[in-house]
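Residue numbers (UniProt numbering), protein chains in the order written: chain A, 1 to 199; chain B, 1 to 199.
For glycine and all other residues, C-beta sits at the position ideal for the given N, C-alpha and C.
Report on the structure given below.
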DNA sequence: TATTTATTCGAGTAGTCAATCTAATAATTT
DNA sequence: AAATTATTAGATTGACTACTCGAATAAATA
């Protein structure tokens, strides 16, 4: 008999996911047909539905991919000697991602879909909880070293930093004058004033 | 002959717009069919398309309605003696709107659609420019009275306040622990530290 | 009252949708 | 080589789409 090669299988799925990301960023989840994804991936619908049972499952896979990427990023972050600089560095990365229109479109699309589809909503909420937990841990540690004002509750602070992240993607959508690479100083000012201990 | 009564005509359009808002908030622009809007509005498709030439035109009308509402709100704001308090007050209103899931869903949906549809994108960008101009004027005036740090460029400051507004709606979508009415103090702290002059 | 025209209805149109089915091919194991 | 099964294609399905059409009704003017 023949067995499924997990690596090839995963690689083929990735082709579909990447094609879907490109399409979804352009036209949204409900604006793109499975036929379009097939064309972008260079395969037949029969084949596409061999790897994913439904269109919805493709969306799910994209959200899961997002989760792994952010988790991986935070894994490296905690050993930094200057934790506040690490936080600013992370936010710089976010600003960099926002400069990519594909990433931004997708982020907004996922947020909008989270409000409509219960299942996607749960996945996205879990992702967000993970992000906030990492931010919160970072703030707590920095607070212990006197780098962040102890008056800021780590969880509440993380919540508003997450809001600022969301806001950055929102700017991309509606404000053509918002150029991520030029906004770094103002973002640093905002974060520093919000978080740093008063002299 | 008989002439079209503009008031009745407008009222009838409003029925459709309201129905569409309810549907769009639930399932998104591309997730709701015109038949669903008809059902929600209690009318036939023939009738609905008598008032709007396309589904797209209904979306346009919603964005326009949004514009008028924010413009109206700012018209009252400028005579306040305490301009910084006026700004905080406006942000409290935003937080109140965010507590309404219909309004939040729609805000996210519109932002996502702005990235896909060029026409909607332009309308939304114009709305946003108007909002930022109002915020910027407020900051400038408050800066003149010494209520806001003169080091903050009004336009840049307005841009990041707009980002925080976007972020609030983002939180609603992905963070079930974000309760608008409990987040007021932290939002005030964030804005105060960001904007107020150092002692 | 007669005429004009705005408003309303709902069946109908051409086309698109996600997903399925059948069948052929390719790769792996025995 | 034979058997098994993963992979692929592409035509097909029936439900659904935005929107139109022709006809009927209702209201307002002359």
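Would residue i pass as an interface residue toward chain B - the criterion being a Cβ-Cβ separation below 7 Å?
| i | result |
| --- | --- |
| residue 95/A | no |
| residue 125/A | yes |
| residue 186/A | yes |
| residue 116/A | yes |
| residue 4/A | no |
| residue 108/A | yes |
| residue 167/A | yes |
| residue 89/A | no |
| residue 197/A | no |
| residue 170/A | yes |
| residue 158/A | no |
| residue 190/A | yes |
| residue 111/A | yes |
Tell me where the alpha helix (DSSP H) around residue i begins and ends.
| i | result |
| --- | --- |
| residue 53/B | Counting along the chain, residue 53/B falls outside any alpha helix (DSSP H), and DSSP gives it neither H nor E. |
| residue 165/B | 154-174 |
| residue 119/A | 118-144 |
| residue 26/A | 6-27 |
| residue 186/A | 184-195 |
| residue 87/A | 83-98 |
| residue 40/B | 34-41 |
Examine chain A for any beta-carbon lying closer than 7 Å to the beta-carbon of residue i, and answer yes or no.
| i | result |
| --- | --- |
| residue 194/B | yes |
| residue 181/B | no |
| residue 81/B | no |
| residue 105/B | yes |
| residue 173/B | yes |
| residue 128/B | yes |
| residue 154/B | no |
| residue 77/B | no |
| residue 164/B | yes |
Please state whether the Cβ-Cβ distance between residue i and residue j is less than 7 Å.
| i | j | result |
| --- | --- | --- |
| residue 123/A | residue 169/A | no |
| residue 193/B | residue 158/B | no |
| residue 87/B | residue 138/B | yes |
| residue 105/A | residue 115/B | yes |
| residue 58/A | residue 49/A | no |
| residue 70/B | residue 55/B | no |
| residue 23/B | residue 32/B | yes |
| residue 149/B | residue 185/B | no |
| residue 17/B | residue 61/B | yes |
| residue 141/A | residue 195/A | no |
| residue 97/B | residue 103/B | yes |
| residue 112/A | residue 11/B | no |
| residue 166/B | residue 28/A | no |
| residue 85/A | residue 180/A | no |
| residue 40/B | residue 19/B | yes |
| residue 175/B | residue 128/A | yes |
| residue 161/A | residue 135/A | yes |
Compute the minimum distance between the beta carbon of residue i and the heavy atoms of the ligand HEM, and state whether it is under 6 Å.
| i | result |
| --- | --- |
| residue 158/B | Among the ligands in the structure shown, none appear at all, so the ligand HEM cannot be discussed. |
Contacting positions in the UniProt domain "HTH tetR-type" (10-70) of chain A - beta carbon closer than 9 Å to chain B:
25, 26, 27, 28, 29, 30, 31
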